[in-house]
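Read left to right, the sequence shown gives residues 522 to 644 (the working numbering). Yeah, the Cβ is synthetic: ideal placement off N, Cα and C, and Gly gets one too.
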Amino acid sequence: MLDKKVTKLTADIALMASAAGLPKHAFGIYKGLEYVNEDHTISALGLAIEFMNKKKYPASIEILQKHLKDNPQKEEAKVFLGMALMLEGRNKESEDILNKLLLSKNKIVMNMATELLNEIHNA
Numbered sequence: 522m523l524d525k526k527v528t529k530l531t532a533d534i535a536l537m538a539s540a541a542g543l544p545k546h547a548f549g550i551y552k553g554l555e556y557v558n559e560d561h562t563i564s565a566l567g568l569a570i571e572f573m574n575k576k577k578y579p580a581s582i583e584i585l586q587k588h589l590k591d592n593p594q595k596e597e598a599k600v601f602l603g604m605a606l607m608l609e610g611r612n613k614e615s616e617d618i619l620n621k622l623l624l625s626k627n628k629i630v631m632n633m634a635t636e637l638l639n640e641i642h643n644a
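Right, dumping it as structure tokens:
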């Protein structure tokens with residue numbers, strides 16, 4: 522298992538690879554993180570984001586649903602699932618998930634849920 526600082530740095534490098542137009546490298550890094558970490562949240566989120574960036578929302582949804590089946594308490598994965606469902610046009614399912622996150626103690630999750638719900642309602 523990697524140290525948390527190394528894991529975060531590695532995930533940041535994967536995000537930079539993605540932003541630089543190197544999705545294959547980003548996918549490779551996320552798959553590597555999945556292999557060396559017991560907590561697969563970072564790799565699941567990274568892979569899901571990569572698929573969202575490619576507009577392959579069903580693949581993103583599948584990754585997040587699978588991760589949440591094994592880790593139902595991971596609010597970060599729930600908010601990104603809400604986003605992927607919204608992008609896929611499945612607003613009712615997205616709202617059901619996001620509304621439950623409005624009372625989250627994690628301020629980032631709560632703020633993301635709020636913004637995504639605003640996006641759904643103002644579309």
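Which of helix, strand or coil DSSP assigns to G542: DSSP places G542 in coil when its eight states are reduced to three.
Candidates T562, A569, A538 and E636: closest to D591 by CA position: In this structure, T562 is the residue among T562, A569, A538 and E636 with its C-alpha nearest to the C-alpha of D591.
Given 8 Å, three or more beta-carbon pairs between the segment 590-608 and the segment 617-634: Touching, yes, given that three or more Cβ pairs across the two stretches are closer than 8 Å.
Run of the alpha helix (DSSP H) containing L485, from where it starts to where it stops: Nothing can be reported for residue 485, as the shown portion of the chain is limited to 522 through 644.
As assigned by DSSP and simplified to three states, the class of G603: Annotated three-state conformation of G603 is helix, per DSSP.
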